[in-house]
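Presented below is the structure to which this report refers.
Residue numbers (the working numbering): 223 to 312.
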C-alpha cells in the first residue's frame, strides 16, 4: 500500500470510532448541544475520510514498468540495448 493516504485512513478511523462512541454509548441530555448528533457527524466525516484515504492509496499504488530489449549488429559485433520505463508513482 502506498503511504499517501495512510494519514487520512488513520484520521478517518479515529474520527469514526470517536463518533460511534458519542452516538451510541453516551446518553447525556443537555440543552442547546446534542452529543449524539455531534457523534453522528463525526462518524459520517470519519467514514468519508476513510474512503478518500483508501481511494488515494489505491490510485497512488498503480505502477507499471516496460522493458524493451534490442540486439543490434554493429561493425565490431553485436550490441545489446535495454530500455526500461517506469510509469506511475515512485
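The beta carbon of each residue, even a glycine, is placed where N, CA and C say it ideally should be.
Output the distance between the C-alpha atoms of residue i and residue j, rounded to the nearest integer angstrom.
i           : j           : result
residue 277 : residue 249 : 35 Å
residue 238 : residue 301 : 60 Å
residue 287 : residue 258 : 50 Å
residue 228 : residue 275 : 6 Å
residue 269 : residue 306 : 40 Å
residue 230 : residue 290 : 38 Å
residue 247 : residue 280 : 33 Å
residue 265 : residue 282 : 26 Å
residue 304 : residue 295 : 14 Å
Comparing alpha-carbon positions, which option in the options lies nearest residue i?
i           : options               : result
residue 260 : 271, 279 and 240      : 240
residue 267 : 305, 233, 303 and 256 : 233
residue 242 : 299, 308, 263 and 254 : 263
Looking at the unbroken alpha helix (DSSP H) that takes in residue i, where does it start and where does it end?
i           : result
residue 228 : 228 to 242
* 4 or more residues per run - each alpha helix (DSSP H) lying fully within the stretch 250 to 287 -> 257 to 282
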